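A.B. asks:
Chains as they are written, first to last, in my numbering: chain C, 1 to 191; chain W, 1 to 350.
Next comes the structure, spelled out in structure tokens:
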């Protein structure tokens with residue numbers, strides 16, 4: 001049984017190592033490894049709900065979906081309970097696993113397809129391939145509102161052209177099934 | 001390398017850097033409410049001035065004190081990193097330095113120190129004397145302090161209000177963490193502004209306008225407080241309220257009859273079967289406990305998990321407290337705390 005007392009761990013990485021041995025993560029891993037469509041298979045939307053929309057989610061995006069630096073940052077701030085951090089971390093580890101092993105849900109398939117999307121996204125990101133690729137990676141596994149929130153954030157950071165953030169961006173994402181909702185829906189969410 | 005400025009030179013530099021055109025010379029004659037208003041206006045200006053990438057208020061505080069709580073003098077030398085006892089500090093803080101100043105200079109220094117002190121506490125988020133700073137009678141950062149809430153929601157010093165609200169949030173998180181009220185702790189730790197569709201973040205870096213930032217925190221604190229008031233009116237014991245909220249995984253706006261019934265059944269089980277069960281004479285960490293003890297605890301918690309599942313199917317249904325959910329994890333942690341003897345009396349309401 002894993003302790004939920006912060007004082008029992010010397011560091012965030014020590015806690016993360018303990019979590020990776022914990023029954024809760026191991027049973028989740030079992031679910032992830034189960035064949036698709038089986039009655040224990042996981043739901044991406046549920047996983048994303050567990051990460052939530054707070055600081056952990058924000059850091060997870062900034063850290064390009066890498067779990068360890070997120071945990072270290074959240075650990076440092078120390079406002080969140082270890083219970084919630086545990087649930088969020090299991091969700092982040094699950095997404096990491098899915099991104100490495102599966103291509104279902106919101107996600108791109110082959111490297112060629114990914115390159116094709118990046119080429120279409122580049123003009124929207126002021127010609128920056130790096131920003132376009134980072135965006136594409138960051139929306140893997142996201143639900144629609146999280147994608148539009150991310151877009152709003154990038155518009156605010158002037159990484160996406162304001163003019164292209166509506167129809168142009170929606171069309172690329174919609175054409176590749178990365179955002180399945182309508183353009184009207186997109187425009188309601190994107191500022 | 002030791003700094004070589006005299007007290008007079010340092011005072012002149014601070015006035016030039018932080019108070020140019022601020023009318024400091026005239027303000028030293030002010031007293032009472034007028035002086036308080038002047039102080040707050042200066043603190044507001046310094047908190048909102050972000051030209052150095054953070055509030056200028058932090059820089060003013062850094063001239064005198066370290067970022068620790070209280071007033072620990074900042075080392076006046078660049079080295080060593082860990083100051084020796086009796087290390088050199090800003091000459092404006094030493095009696096010898098102050099003795100070289102004229103009465104008028106001392107008057108300005110006193111006012112600067114009052115402003116810098118408030119800048120220190122507000123920008124680094126430590127509690128401070130509310131009566132001295134805002135003229136509020138009760139020195140209490142809890143949201144039940146109506147005069148404080150009224151002041152924060154109506155004042156024109158919006159950055160002061162934003163940072164004070166953040167201090168209230170920090171204080172509440174500490175109280176809830178200590179009281180193992182995890183849904184409230186986590187809600188506050190990850191506050192989200194629906195209006196601005198972004199997380200609240202840190203006040204020094206947020207993009208949310210200060211008034212909205214403060215009101216998001218106050219609304220959330222008020223909602224939690226009202227929830228407890230309702231709980232008291234319904235004569236619910238503190239652990240029952242917390243169990244109810246844990247089933248939701250958040251602090252809900254209301255008490256639901258069905259959820260309360262589920263919480264009551266868990267409460268009764270915990271009171272009867274778990275309370276104090278894991279208390280041992282020694283306080284060894286879990287890994288150092290004998291295998292027999294660890295097995296005993298695991299089995300007891302396993303039975304509680306079964307009880308949660310039973311309660312789920314009896315009162316709640318699909319989608320509630322699923323295994324692996326935050327709500328389920330909250331309940332399991334609550335059971336552990338109960339086993340260790342942490343079970344609230346009637347008057348231990350949060």
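Every residue, glycine too, gets a C-beta built ideally from N, C-alpha and C.
Values in this document were obtained by computation on a predicted structure and should not be read as measured data.
What separation, rounded to the nearest whole angstrom, lies between the Cα atoms of residue 314 of chain W and residue 281 of chain W?
C.D. replies: As a first step, residue 314 of chain W is located in the second chain; it is residue number 314 there, counting from the start. As a first step, residue 281 of chain W is located in the second chain; it is residue number 281 there, counting from the start. Looking at the two C-alpha atoms, the distance is approximately 38 Å.
A.B. asks: Is residue 266 of chain W near residue 300 of chain W, with beta carbons less than 8 Å apart?
C.D. replies: Counted from its first residue, the second chain places residue 266 of chain W at position 266. Counted from its first residue, the second chain places residue 300 of chain W at position 300. Not in contact: residue 266 of chain W and residue 300 of chain W (Cβ atoms no closer than 8 Å).
A.B. asks: Which runs of the alpha helix (DSSP H) at least 4 residues long sit entirely within the stretch 73 to 128 of chain C? Give them in chain order.
C.D. replies: Entirely contained in the stretch 73 to 128 of chain C, the alpha helix (DSSP H) runs reaching 4 residues are, in chain order, 82 to 101 and 111 to 121.
A.B. asks: Suppose you measure from the CA of residue 252 of chain W to the CA of residue 163 of chain W; what does that come to, to the nearest Å?
C.D. replies: By 1-based counting over the second chain, the position of residue 252 of chain W is 252. By 1-based counting over the second chain, the position of residue 163 of chain W is 163. Cα to Cα, residue 252 of chain W sits roughly 26 Å from residue 163 of chain W.
A.B. asks: Run down chain C in chain order and give the residues with a C-beta less than 8 Å from the C-beta of residue 197 of chain W.
C.D. replies: Within the second chain, residue 197 of chain W is the residue found at index 197, counting from 1. Residues of chain C passing the Cβ test: 149 and 152.
A.B. asks: Given that residue 298 of chain W touches chain C, what residues does it touch there, using C-beta distances under 9 Å?
C.D. replies: Position 298 of the second chain holds residue 298 of chain W. Neighbours of residue 298 of chain W on chain C, chain order: 1.
A.B. asks: So which residues of chain W does residue 28 of chain C contact, with C-beta pairs closer than 9 Å?
C.D. replies: Numbered from 1 along the first chain, position 28 holds the residue referred to as residue 28 of chain C. Here the neighbours are 324.
A.B. asks: Can at least three beta-carbon pairs, one atom from the stretch 178 to 191 of chain W and one from the stretch 54 to 72 of chain W, be found at a separation below 8 Å?
C.D. replies: With the cut-off at 8 Å, the stretch 178 to 191 of chain W and the stretch 54 to 72 of chain W do not touch.
A.B. asks: Buried or exposed for residue 126 of chain C, going by 16 or more other Cβ atoms inside 10 Å?
C.D. replies: As a position in the first chain, residue 126 of chain C is number 126, starting the count at 1. Here residue 126 of chain C is exposed, its C-beta having fewer than 16 other C-beta atoms within 10 Å.
A.B. asks: With 16 as the cutoff for other CB atoms within 10 Å, does residue 84 of chain W come out buried or exposed?
C.D. replies: As a working mapping, residue 84 of chain W is identified with position 84 in the second chain. The residue in question, residue 84 of chain W, is exposed, as its Cβ has fewer than 16 Cβ neighbours within 10 Å.
A.B. asks: Using the three-state DSSP reduction, which class does residue 137 of chain W fall into: helix, strand or coil?
C.D. replies: The count along the second chain starts at 1 and reaches residue 137 of chain W at position 137. Residue 137 of chain W: coil per DSSP, three-state reduction.
A.B. asks: Output, in chain order, the set of chain W residues within a Cβ distance shorter than 8 Å of residue 86 of chain C.
C.D. replies: For this step, residue 86 of chain C is matched to residue 86 along the first chain. Simply 329.
A.B. asks: Among W:175, W:343, W:212 and W:219, which one has its Cα closest to the Cα of residue 270 of chain W?
C.D. replies: By 1-based counting over the second chain, the position of residue 270 of chain W is 270. Among W:175, W:343, W:212 and W:219, the Cα nearest to that of residue 270 of chain W belongs to W:343.
A.B. asks: Give the residues from the stretch 171 to 189 of chain W that approach chain C closer than 8 Å (Cβ to any Cβ), ordered along the chain.
C.D. replies: 173, 177, 182, 185, 186, 188 and 189
A.B. asks: So for residue 31 of chain W, helix, strand or coil by DSSP?
C.D. replies: Residue 31 of chain W sits at position 31 when you count from the first residue of the second chain. In the displayed model, residue 31 of chain W falls within coil according to three-state DSSP, outside both helix and strand.
A.B. asks: Between which two residues does the alpha helix (DSSP H) holding residue 32 of chain C run?
C.D. replies: Within the first chain, the letter at position 32 stands for residue 32 of chain C. In this chain, the alpha helix (DSSP H) harbouring residue 32 of chain C covers 23 to 33.
A.B. asks: Judging by CA-CA distance, which residue of W:155, W:204, W:169 and W:293 is the nearest neighbour of residue 224 of chain W?
C.D. replies: Here residue 224 of chain W corresponds to residue number 224 of the second chain, with the count starting at 1. If we check each option's Cα against that of residue 224 of chain W, W:169 comes out closest.
A.B. asks: List the DSSP bridge partners of residue 198 of chain W.
C.D. replies: For the purposes of this step, residue 198 of chain W is taken as residue 198 along the second chain, with counting starting at 1. Note: residue 198 of chain W sits in a beta bridge opposite W:193.
A.B. asks: Looking only at C-alpha atoms, which of C:27, C:154, C:131 and C:140 sits nearest to residue 44 of chain C?
C.D. replies: By one-based count along the first chain, residue 44 of chain C stands at place 44. Checking every option, the nearest Cα to that of residue 44 of chain C belongs to C:140.
A.B. asks: Using beta carbons (cut-off 8 Å, strictly below), is residue 162 of chain C in contact with chain W?
C.D. replies: The residue labelled residue 162 of chain C in the question sits at position 162 within the first chain. At a cut-off of 8 Å between C-beta atoms, residue 162 of chain C does not count as an interface residue with respect to chain W.
A.B. asks: Is any beta-carbon of chain W found at less than 8 Å from that of residue 24 of chain C?
C.D. replies: For this step, residue 24 of chain C is matched to residue 24 along the first chain. For residue 24 of chain C, the answer is yes, since a Cβ of chain W falls inside 8 Å of its Cβ.
A.B. asks: Helix, strand or coil: how does DSSP classify residue 77 of chain W here?
C.D. replies: Taking the first residue of the second chain as position 1, residue 77 of chain W is located at position 77. DSSP places residue 77 of chain W in strand when its eight states are reduced to three.
A.B. asks: Could you pull the DSSP bridge partners for residue 89 of chain W from this structure?
C.D. replies: Taking the second chain and counting its residues from 1, one reaches residue 89 of chain W at position 89. In the DSSP output, where bridge partners are listed per residue, residue 89 of chain W has W:75.
A.B. asks: Name the chain W residues that come within less than 8 Å of residue 10 of chain C, Cβ to Cβ?
C.D. replies: Taking the first chain and counting its residues from 1, the one referred to as residue 10 of chain C is at position 10. Simply none; closest approach about 12 Å.
A.B. asks: Exposed or buried, residue 106 of chain C, counting other C-beta atoms within 10 Å across all chains shown (16 or more means buried)?
C.D. replies: On the first chain, position 106 is the one that residue 106 of chain C refers to. No answer about residue 106 of chain C holds up, because its pLDDT of 49 lies below 50 and its placement is not dependable.
A.B. asks: Pick out whichever of C:79, C:100 and C:150 has its Cα sitting closest to the Cα of residue 191 of chain C.
C.D. replies: Indexing the first chain from 1 puts residue 191 of chain C at position 191. Per the Cα distances, C:150.
A.B. asks: Can a CB atom of chain W be found closer than 8 Å to the CB of residue 61 of chain C?
C.D. replies: In the first chain, counting from the first residue as 1, residue 61 of chain C sits at position 61. At a cut-off of 8 Å between beta-carbon atoms, residue 61 of chain C makes no contact with chain W.
A.B. asks: Taking the straight line between their C-alpha atoms, what separation do you get for residue 146 of chain W and residue 235 of chain W?
C.D. replies: Working through the second chain from its first residue, we reach residue 146 of chain W at position 146. Working through the second chain from its first residue, we reach residue 235 of chain W at position 235. Here the alpha carbon of residue 146 of chain W sits roughly 24 Å from the alpha carbon of residue 235 of chain W.
A.B. asks: Below 8 Å on C-beta distance, what does residue 80 of chain C contact in chain W?
C.D. replies: Indexing the first chain from 1 puts residue 80 of chain C at position 80. Listed along chain W, the residues sitting closer than 8 Å to residue 80 of chain C by beta-carbon distance are 185, 186, 189 and 190.
A.B. asks: When you compare the stretch 43 to 60 of chain W with the stretch 147 to 162 of chain W, are there three or more beta-carbon pairs, one atom per stretch, that lie closer than 8 Å?
C.D. replies: yes
A.B. asks: Under 8 Å by Cβ, that's how I've got residue 90 of chain C and residue 28 of chain C pegged, so tell me the actual separation to the nearest angstrom.
C.D. replies: Along the first chain, one-based indexing puts residue 90 of chain C at 90. Along the first chain, one-based indexing puts residue 28 of chain C at 28. Yes, they are in contact, since the Cβ atoms of residue 90 of chain C and residue 28 of chain C sit about 5 Å apart, within 8 Å.
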